[in-house]
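One structure below.
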Amino acid sequence: MLDHILSILIFLPALAAVLGFVVHKDSAKAYGIAVSIIEFVVSLYLWFAFDPNVSGMQFMESLPIVPAFGVNYLLGIDGISLFIIIMASLFTMLGIASLGETKNMKNMVITLLFLQMTMVGVFAALDAILFYVFWELSLVPMLYIIGAWGGPLRIYASVKFFLYTFTGSLIMLVGMLFMAYLYYQATGHWSFSILEWYRLILPESYQLWLFAAFFIGFAIKVPMFPFHTWLPYAHGQAPTIGSVILAAVLLKMGTYAFIRFSLPMFPDAATFFMFPIAVLAIIMIIYTAMVAYAQEDIKQVVAYSSVSHMGVIVLGTFALNVEGITGSVFLMIGHGIVSGALFLLVGVIYDRRHTKLMSEFGGLASVMPRYATIFGIMMMASVGLPLLINFVGEFLSLLGFYQQSHITTLLAGTAIIVGAVYMLSAFKKAFFGEVTNEKNRNLPDINKRELVALIPLTIIAIWLGIYPKPILTPINNSVESIVALMHEKAITPEAKSRIPALEGKIIMQKSEAEVR
Amino acid sequence: MEIGLTHYLVLATILFSIGLIGVMRRKNLLMLFFATEILLNAVNIGFAAISHYYNDLTGQMFAFFIIAVAASEVAVGLGLLIVWHKRTGNINLDTMSSMRG
Amino acid sequence: MELYLYIALFAPLVGSLFAGLFGASPKTLVTGVVNSSLLFASFVASSILLVHVLNGETVHVEMMTWMATGNLYIPFGFVVDQVSVTMMMVVTVVSTIVHIYSIGYMDHDKGFNRFFSYLSAFVFSMMVLVMSDNFAGLFIGWEGVGLCSWLLIGFWYHKETATWAANEAFIMNRIADLGMLIGIFLIYWNTGTLQYDKAFAIMPTLDMTTLIYIGIFLFVGAMGKSAQFPLHTWLADAMEGPTPVSALIHAATMVTAGVYLVVRANPLYHLVPEIGLFIASLGAFVAMFAASMALVNRDMKRIIAYSTLSQLGYMFAAAGLGAYWVALFHLMAHAFFKALLFLGAGNVMHAMNDELDPFKMGGLRKKMVGTFIMMTLASIALAGVFPLAGFFSKDTILEVGFVEHHYVIYTVLLLTAGLTAFYSFRLVALIFHGEERYKLFGFHPHEAYKFMLFAMSPLAILAVIAGSFKTTYFDMVTKLLPETEYHIHSHVVEWVMILGTQAFVIAAIWYAYKKYINFKGEDKEFEKRLCYKILINQYYIPYFYEEYISKPYKELSDILWRKVDLKIVDATVDLIAMTIYKTGENTRTMQNGNLSSMLRWMVAGIVILLSLAVAFGLAVRYSDEITSVLSGLGV
C-alpha cells in the first residue's frame, strides 16, 4: 500500500466522486463524510509512515505518460507538501461534515470530492505537466461551487475567479514549456520532472524571464497585490464551504509553488527579485489590512485579512533562509487552519441571520457566548498571539526576513499592529455592546454540527501553537535541503551571499547540467 | 513584337483583377459564378503560360484539373442556385444571411 | 525545587481552565474559592522558592522545545533567580489577595466565573513573563498579559467605553510589541540565541551601534507595556475595567513588566549608558507629567492610574541610572501600596454605586472606617513618609539621582514627590473628610464585606513594613544585579536631604488637607484657567491621537477601499476584461452572414497575407543591406 499511497490519496476521492452519482441524494452527505474520513485517515497514515529525517522526496511513484517528451506520472512528497495534503483532507472532511441545509447536496458532495482530488494532486505532483493539469482542474469545481451555490453576484465572481487565475496559469505554462526546452538543449532529452529541472543551472538572464513567467501564475493564485481583486468577490459570493476550502487550501497552491518551483530552480532570480517582491508583500500587508478595516461585511474582513497574511507568507518565502521559509510553510498551515475556521464561523452567523453586515450585529457575545469564545480564540490566533498557531509562522517569517533587510521587516512587522486594528474593531462591532437589533435577541448558540468542525480546528490552533515541533521538524529538514541546493546552484555573488550555506546538510539533488 | 511570357502573365493578372472585383461587387449569385470562373481561368492562363515557358507539362495538367473542378463546381452551384431561386424567388446575395454569426 | 517551580507557574493556569469550564454558567462560588486557593498554592510555592533563592541557589529548568528551526532554538525554559523570584512574590501576593477580594467585589456580577478565569489566566501569563529564561518566553508572557488585559478591561463588554478602552490598550501595546519583536530579531541575528545568559554573555563583543539599536527597540516594548509617554493614554482609559483588575494588572504587576525587562536586560543597558540616561530622563519626565494630570482630575480611579504612571516613571529613572535593584525594590513596594489603594477605591465605588467623582463623596470615614484607615496608610506610603514602604524606596531613587550627579532628574523627581503627596491627600480628603456631600446625590454608603477588608490587610501591613526588608533584599538581589550602593558621603548633606524631602512632602500633604478638607463647592474661577483646561484634558494628547491618528487612519482606509481598491485596481482588471469582451462584441458584425461582405473580408485577408509575404521576402533578400543601414543609424 505504501508504494502507491499517494495515488490512493488522489484517486480515492475521484473514484468516490464518480460513484457518488449513483448514491441516493438523502445519503449523499453521509457518503461524503465516510469517504473523506477514509481519505483523512489515509493521509494521517501517510504522516505516520513519513520519515521526518529524510530531507528528500518520499513515497515516489513514476509511470511514463508521454515518454518521448519526458512527461511522467511522477508523485512524491516531502515535509513541505505533506502537511498541506493533510490539511486539504482535513478541511474536506470538516467541510462536508459541517454542511448545513444545502440544495443539491449530492452535487455539492461530488464537487468537493473532485476538488479534493485536484488539491492532493497539486501538492503531490513532481512532474510539471501533471502539476499543471491538477492546478487547472482545481479551478473547475471551485467555479462550480461559487457559480451554483453563491450569492447574487455569483456568475460575475466565479467567471472573474476562473478567467483571472486561468490567464495567469497560461503564462506559467509557457514558462514550463520553455524550461523543458532549455532542459532538452542542455541534456539532449526531454523531461518535465521537477527534480530533473532542479539539476539545471541556468544563466541569470534566462532565470529572470522564467521566474517572471512562473511568478505571474503563482502571484495571481496567492493572490499578491495588485492581482488580488478576484479574491474579495470570490469570497463574498462563495458559500461558506467554498470560502473555507479556497482560503485554507487553494491559496496555498501559489505560495507552495514559489517554494517548489521558483526558489530552487531560479535562485539568482529569486535573489534579484527579493526586494521588489518584499515591497509587494509589504503593500499586501498594510494596504489590505487598511482595506479590511474599512469593510462593513464581516466576511470581507476575513477575506482581506487572508491577503494580508499571505503577504507575510510571501515575505517569509523570499527571506531565502531556513528560518524564513520554514516559517512561511508553517504559516501556510496556520493560516489555513485559522482562516478556514474564521470562514466557518462567519458561516454560522450567516446561516442564522442571512446577512454578513456588521452593523446588523452587535452584542452577540451575550447571546451566543460559546460562539463568541471560539471566534475570539480564532481571532486572537489570526492576530498572531503567541501560543496560538499563527504566531510561530509569523515570528519565523519575519525573523527570517530580518536577516535580509531591517527596514523592510520593520514595515512588514506592522502586520501585528494593523492586524489587531481591523480584527479587534470587527470583533467589537459584532460581539460587544448592547444587543440593539431585536432579531439578534434570541439567536441560538452554536450547535453540535457546527462544533464538529470548529472544535478540532480550535484544538489544532492551540496545540500547534504550544508544540509546533512535530510538524516544524519535517518542514525544517526539507527546507534545509532546498536552501542548500539553492546556495549550491547560485551563480551570482549576490545570491551566494544572500542564501546561507548549510554545512553538512544533504543536498537533495546535485546539480549536473548547465545551460550556456 | 513577339508575344512572350510577360504578356500572358499581365493578361492573367488583369483577368484575375476583373474576377476579384466581380467577386467583391456583384450581388447577383449568377454573376458571382461568372466572376469565379474568370478568377479560375485567369489562374489557368498563368499555369499554361508558365508550363510552356519551363517546358514542364505539370502546369498544363493542373490547368485541366482546374477546368474539371470548375465545371463540377458550376454544376453543383447552379443546381443549388436553382433550388434557392425556386424557394425564395430571387438570387440576391444580401438576402442570404442565415449563416449570420 | 522543580516541583515548586511548576506549582507556582501552573496553578494559576489550572485555576483559569477550571473557572473557564463554568464560564458561561451563572455564578458558582466554588470557582472563586478554588481559584483563590490555587493562587495561594502558587504563592506558597513561590515563597519556598524565595527561601531557596535566599540561600543563594537558583533553579533553572527546561520543560520542552517550543520552536527549533535552522539555528534557532527556543525552549520553554524557566528560571528562578533573585530577580524573577522578586517578581513572583509580588505577583503571587497581590494576585492572591485580589482573587479573594474579588469574590466579594464581583459578588453580584453575572460574569463571576468568567472573571476568575480571565484573572487567573492573567496571573499565569505574568508568571511566564517573569520566569522565562529567554526573550521568546518573555514575549509569550508579554502578549499573554496583553490579551488578558484586553479581556479584563473589556470585561463589561456591553459598555462602549470599556470595549473601546480594551481595544485601545491592546493596539497601543501592539505598537510597542513590534519594537520588542525587532529587538528580539536583532538579538537573534547578532548573538545566535535568545537565552538571556548566553545572549548577554555575547553582547559585550558586539559593536556599539547594534547594542544601541537593541537597547532602543527593547525599551520601545517596555514603553508600551509600562505606558510611558507617548504610549501612555491607554492606562487611564483602562480604568474602565473592574477595580480588582486595575489593582492587579494596571497598578501592581503588568505595567511594571517594562521595568522588569529593563532590569532583566541590565547587562545590555550597562553597556549603553546613553540609552540608560534617555530612559532615566523619560522616566523623570513621565513622573512629573503624570503627576500633573492627577492634580486636577475628577475621577478617583484615573487619579490613581496617573499616580501609577508617575511611579513607573520613578522606577524607570532608577533603572536608567543603573540602580536596577532600587527600581526593583520600588516596584515591589509600589505594588503593595498601590494595589491597596485601588482595592480601597473599589470599596468606595461599591459603597457609592460605582460613582467615581470624589467631589460627590466626602465624610465617608464615618461609614467606612476600615477602608479609610487602609487608604490613608496606602497614601502615606505612596507619598513616601517615614517609616512606610514608600519612604525607603522612593528616597533611595532620589539619592541615586543626587549621587549620580543628575541634578535635573533629581529636582524633577523631588518636585514630583511633592505633587504625589498633594494629589494623594486631595483624594483622601475629598473622599473621607469634610461634609457628607453624597447625601445630596442620594447614595447610601456601606462598608465592604469583612473578608474583603481582611484580604486587604496583608497589603496594608506590607505597605507599612516593606521598607524594613531593604537590607535583606539588597543582599539577595545584588547577587545578580550590579552591586551599587548609594551613599551620600557627607552625613550632613544626607540628613538635610532626608529631612528636607520629608518636610516638603508633609507640607504638600498639609496643603492638600487644608484646601480640600472643608471643600464646599467647585472653584469656577480656577476651572477657567488655561492650565486647568490643559491638565483636565490630559494635555490634549488623547484628542490629538483621535483627531490626527485614529480618524485619518479610518478615512484613509475608506479611501483605499472605495477609491483605490474598487476604482483603480479592480477597475483596471475589469477594463482589460471589458476591452477583450468589447472587441469581440464589435468584431462579430464581421460574421453578419452576408456572403458578399464576407467575400470582401476574404479578399482583404488575402491582400494582407500577400503583402506580409512580400514584405518578409524582401526583408530576407535585403537583410544585409538593412542591417548595414540600421548600424549606420546607430541602432
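Residue numbers (the working numbering), protein chains in the order written: chain A, 1 to 516; chain B, 517 to 617; chain C, 618 to 1252.
Ideal Cβ placement from N, Cα and C applies to all residues, glycine included.
Problem - Proximity to ALA793 of chain C [Cα-Cα], best of C:ASN807, C:MET840, C:ALA782 and C:LEU1079 - result: Ranking C:ASN807, C:MET840, C:ALA782 and C:LEU1079 by Cα distance to ALA793 of chain C puts C:MET840 first.
Practice task
With DSSP as the reference, label PHE906 of chain C as helix, strand or coil.
Solution key: helix
Practice task
Compare the C-beta of LYS602 of chain B with all C-beta atoms of chain C and state if any pair is closer than 8 Å.
Solution key: By the rule that beta-carbons nearer than 8 Å mark a contact, LYS602 of chain B does not touch chain C.
Exercise for the section: Report the residue from C:ALA869, C:GLY1001 and C:GLY979 whose alpha carbon sits nearest the alpha carbon of LEU945 of chain C. Expected result: C:ALA869
Problem - Beta carbon of GLY875 of chain C nearer than 8 Å to that of ILE831 of chain C - result: no
Practice task
Give, in chain order, every unbroken run of the alpha helix (DSSP H) that is at least 4 residues long and sits entirely within the stretch 115–172 of chain A.
Solution key: Runs of the alpha helix (DSSP H) spanning 4 or more residues and lying entirely within the stretch 115–172 of chain A occur at 128–137 and 139–149, in chain order.
Practice task
Determine, using beta-carbon pairs with one atom in the stretch 981–998 of chain C and one in the stretch 1107–1117 of chain C, whether at least three such pairs fall under 8 Å.
Solution key: Touching, no.
Practice task
Output yes or no for whether 8 Å exceeds the beta carbon distance between ILE85 of chain A and ILE77 of chain A.
Solution key: yes
Exercise for the section: Label HIS867 of chain C either buried or exposed according to how many other C-beta atoms from any shown protein chain fall within 10 Å of its C-beta, with 16 as the threshold for buried. Expected result: The residue is buried, with at least 16 neighbouring Cβ atoms inside 10 Å.
Problem - Listed by chain order, chain C residues near ASP610 of chain B by CB distance under 8 Å - result: ASN1211 and SER1213
Practice task
For my contact list, THR713 of chain C and PHE660 of chain C are in at a C-beta cut-off of 8 Å; report their separation, rounded to the angstrom.
Solution key: Taking the Cβ atoms as the reference, THR713 of chain C lies roughly 5 Å from PHE660 of chain C, within the contact range of under 8 Å.
Practice task
Could you pull the start and end residues of the alpha helix (DSSP H) that VAL42 of chain A belongs to?
Solution key: 28–49
Handout entry: Residue-level contact to chain C via CB, ALA420 of chain A, 8 Å cutoff
Key = yes
Exercise for the section: Spatial neighbours of ILE460 of chain A within its chain, please: CB distance less than 6 Å, with the 5 preceding and 5 following residues excluded, ordered by chain position. Expected result: ILE337
Problem - Spatially closest choice to PHE732 of chain C from C:PHE627, C:MET743 and C:THR860, by CA coordinates - result: C:THR860
Problem - Where MET60 of chain A sits in the DSSP three-state scheme - result: MET60 of chain A: strand per DSSP, three-state reduction.
Exercise for the section: Report the residues of the stretch 462–487 of chain A with a CB closer than 9 Å to any CB of chain C, ordered along the chain. Expected result: Going along the stretch 462–487 of chain A in chain order, one finds ILE466, TYR467, PRO468, LYS469, LEU472, THR473, ILE475, ASN476, VAL479, GLU480 and VAL483 with a Cβ nearer than 9 Å to chain C.
Problem - C-alpha distance - ALA1038 of chain C paired with ASN1154 of chain C, whole-angstrom precision - result: 22 Å
Exercise for the section: Compare the C-beta of VAL1220 of chain C with all C-beta atoms of chain B and state if any pair is closer than 8 Å. Expected result: yes
Problem - Separation of MET910 of chain C from CYS1148 of chain C, as counted between CA atoms - result: 10 Å
Problem - Check whether GLN812 of chain C and LEU899 of chain C have beta carbons under 8 Å apart - result: no
Handout entry: Residue range of the beta strand (DSSP E) that includes GLU679 of chain C
Key = Unbroken beta strand (DSSP E) run through GLU679 of chain C: 676–686.
Problem - Member of A:MET274, A:PHE214, A:LEU99 and A:PHE330 whose CA lies at the smallest distance from the CA of SER243 of chain A - result: Residue A:LEU99 is the option with its Cα nearest to SER243 of chain A.
Handout entry: Contacting residues, own chain, Cβ-Cβ under 7 Å from ALA783 of chain C (five flanking each side not counted)
Key = TRP767, ILE770 and GLY771
Exercise for the section: Return no unless some Cβ of chain C is closer than 8 Å to the Cβ of ALA294 of chain A. Expected result: yes
Handout entry: Cutoff 8 Å: VAL54 of chain A Cβ touching any chain C Cβ
Key = no
Exercise for the section: Kindly say whether MET540 of chain B, judged by its beta-carbon, lies nearer than 8 Å to any beta-carbon of chain C. Expected result: yes
Practice task
Go through its chain and collect everything with a Cβ distance to ALA816 of chain C's Cβ below 6 Å, but skip five positions before and after it.
Solution key: ILE804, THR808 and THR810
Practice task
Let me know if ASN442 of chain A comes out buried or exposed under the rule of 16 or more other beta-carbons within 10 Å of its beta-carbon.
Solution key: exposed
Exercise for the section: Would you mind telling me which residues of chain C sit closer than 8 Å to SER533 of chain B, beta carbon to beta carbon, in chain order? Expected result: Near SER533 of chain B there are no residues of chain C at all, since even the closest Cβ is about 11 Å away, more than 8 Å.
Problem - Contact check, PRO884 of chain C vs MET969 of chain C, beta carbons under 8 Å - result: no
Practice task
Quickly, what does DSSP pair GLY694 of chain C with across the bridge? List them, please.
Solution key: C:GLU679
Problem - Distance, ILE757 of chain C Cα to LYS1087 of chain C Cα - result: 31 Å
Exercise for the section: Check LEU74 of chain A in the structure and name its three-state DSSP category. Expected result: strand
Handout entry: Three-state secondary structure assigned by DSSP to ILE896 of chain C
Key = helix
Practice task
Go ahead and pull the three-state DSSP assignment for ASN544 of chain B.
Solution key: ASN544 of chain B falls in the strand class under three-state DSSP.
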